[in-house]
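So the sequence shown is numbered by our numbering: it starts at 10 and just counts up by one. Virtual Cβ for every residue (Gly too), placed ideally from N, Cα, C. Note sheet for the following structure.
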Amino acid sequence: MHAAAPSDGYRQYWLYAGLPLLACAAVLASQSTGVALARFERIVSFFGDPAFIAIGETFLPYSPEDSIAYAILVGMANSIGVTIAGIVLSTVLGTLIAFGILSSSTPLSLICRTYVLVIRSVPLLVQLLLLYALTQYLPQLRNAASIGDAVLISNRGIIIPSVTVEGWAWLLICAGMAAAMLGRRLLHLAVLRERMPRAAAWAPIAILVVTFGISIVLGVSVEVPVRAGFGYRGGFSLSPEMASLIFGLTIYFAAYIAEIVRGGIIAVPRGQWEGAASLGLPKLHTTLFVITPQAVRLILPPLISQFLNQFKASTLAIAIGFPDLSSIVNALISRTGQALLLVLVMMLIYSAISLLISFSVQRLEARLRRY
């Protein structure tokens, strides 16, 4: 059996991404040119009309007078924002739980196994509703619990330090990343051809570290929330709805990711552990530098599915009142009555982002398989 050519994956993604566009083109082609143009103009003008809906919490600046297209963009940013936070936190927590399950400590292993069993047995929607209900029992803002004088927790949400990055700092970071990627490629080829020592392969990492260091020192400012009267000043506020959604996604999907990571580590041949032990490597070094790189190749495929499920599960935000893409589209449907058009747009957005997530992780998986 021959392995599929790398271009086959690209063709598959282009096919999936192009099917909705082909369907739209077929609908327009079935009409006369004048009718098709008139309908297209009406659609464009519709998305340019003011939204006239209130959105309680946004990652992007928004006012009800903004266009319908911008309101949809705001909803998309909200969905992507909570999904990214959930993916990062659930991956970290799930990995820690997986190592806890495999730990030689019986109490720790039992606690982690119980966590996975209980969380996977309760539907995500129920957990979200429970977390949202629990936020109502937190102290009022004037009596907010404080974590290290940097995080305030109250029934009005969680207030964390905010980070402000100057425009030129973003440019410097992007330039540093581009230089590091190009340098890594060139140095990799040079090392393979034995024109440079292997130590030179660390140069791109040094470039990246220096770039980030300069950007953080000179272009990044951190504002810590401070109590001011009955409220607070500074920082970034996570509403009870947003906090419940992020922590709900984190807690729920961490249980599934823990099982994926545990299965990947167990799948690595036992001889790898024994070989590392015979060389005198400590268990921590064996886990980090021998077992984990091999397990990652096995972990990534099922991990893609969990990332996609997490993005799609963010639509449950409507149950606790967080304004994600689906809830904003529902509000627009109630105001405009254009249900079919808006639902099609929402489907296209979810399909495009899901394909992007899958494509990105599979590219990473293919890259790891080279080594």
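Q: Could you pull out every residue in the same chain whose Cβ sits closer than 8 Å to the Cβ of Thr144, ignoring the five residues on either side in sequence?
A: These residues qualify, in order along the chain: Asn164, Gly166, Pro249, Ala252, Ser253.
Q.
Do Ala322 and Leu247 count as a contact pair if the criterion is CB distance below 8 Å?
A. no
Q: Within the same chain, show all residues whose beta-carbon is closer than 8 Å to that of Ser155, passing over the 5 residues directly before and after it, in chain order.
A: Leu161, Ile162
Q: Report the three-state DSSP secondary structure of Ala13 (helix, strand or coil).
A: Note that Ala13 has pLDDT 45, beneath the 50 cutoff, so the model's placement of it is unreliable and the number below is only indicative. Residue state, collapsed to three classes: coil.
Q.
Quick check on the burial criterion: 16 or more other C-beta atoms within 10 angstroms. Buried or exposed for Arg51?
A. exposed
Q: Consider the C-beta atom of Phe245 and the heavy atoms of the ligand GTP; say whether any pair is separated by less than 7 Å.
A: As presented, the structure is devoid of all ligands, the ligand GTP included, so that no description of it is given.
Q | Residues that DSSP places opposite Ala154 in a beta bridge | A | Looking at the DSSP assignment, Ala154 forms a beta bridge with Ile162.
Q. So Gly272 is in the alpha helix (DSSP H); what residue range does that whole segment cover?
A. Run containing Gly272: 249-276, per the alpha helix (DSSP H) assignment.
Q.
Taking contact to mean 3 or more Cβ pairs, one atom from each stretch, closer than 8 Å, check whether the stretch 296-303 and the stretch 133-149 are in contact.
A. no
**Q.** Every unbroken alpha helix (DSSP H) inside the stretch 40-102 [4 residues or more]
**A.** 42-57
Q. For Phe368, which three-state DSSP category applies?
A. helix
Q) Given a threshold of 16 other Cβ atoms within 10 Å of its Cβ, counted over all protein chains shown, does Gly244 qualify as buried or as exposed? A) buried
Q: Let me know if Gly273 comes out buried or exposed under the rule of 16 or more other beta-carbons within 10 Å of its beta-carbon.
A: Buried, since its Cβ has 16 or more Cβ neighbours within 10 Å.
Q | Length of the line joining the Cα atoms of Glu232 and Gly157 | A | 14 Å
**Q.** With 16 other Cβ atoms within 10 Å as the buried cut-off, status of Arg271
**A.** buried
Q: Quickly, what does DSSP pair Thr295 with across the bridge? List them, please.
A: In the DSSP output, where bridge partners are listed per residue, Thr295 has none listed.
Q: State the start and end residues of the unbroken alpha helix (DSSP H) segment that holds Ala304.
A: 301-322
Q: Closer than 8 Å by C-beta to Ala348: which residues in its own chain qualify, once you throw out the five before and the five after it? Chain order, please.
A: Ile342
(Q) Are the CB atoms of Thr295 and Ala394 within a distance shorter than 8 Å? (A) Residue 394 cannot be examined here, being either before or after the span of the chain that is shown, 10 to 380.
Q.
Using a 10 Å radius around the Cβ and a threshold of 16 neighbouring Cβ atoms, would you call Met356 buried or exposed?
A. exposed
Q) Span of the beta strand (DSSP E) holding Val233? A) First-last for Val233: undefined, no H or E at that position.
Q: In the DSSP assignment, find the unbroken beta strand (DSSP E) run with Tyr241 in it and report its ends.
A: Residue range 240-242 is occupied by the beta strand (DSSP E) that includes Tyr241.
(Q) Relative to the C-alpha of Ile329, which candidate in Ala375, Leu133, Val235, Gln149 has its C-alpha closest? (A) Closest option to Ile329, Cα to Cα, is Leu133.
Q.
Using only CA atoms, which one of Pro170, Ala153, Val219 lies nearest to Ala184?
A. Val219
Q: With a cut-off of 8 Å on the beta carbons, I'd call Gly103 and Leu334 a contact; round off their distance for me.
A: Not confirmed; about 25 Å, so no contact.
Q.
Going by DSSP, what residue range makes up the alpha helix (DSSP H) through Ala340?
A. 334-345
Q: Go ahead and label Leu312 buried or exposed: buried means 16 or more other beta carbons lie within 10 angstroms of its beta carbon, across all protein chains shown.
A: buried
Q: May I ask which residues mark the beginning and end of the alpha helix (DSSP H) holding Ser287?
A: 279-287
Q: Confirm, please, whether the CB-CB distance from Ala94 to Ile77 is below 8 Å.
A: no
Q. Considering Gln136, what are the terminal residues of the alpha helix (DSSP H) in which it resides?
A. 133-144
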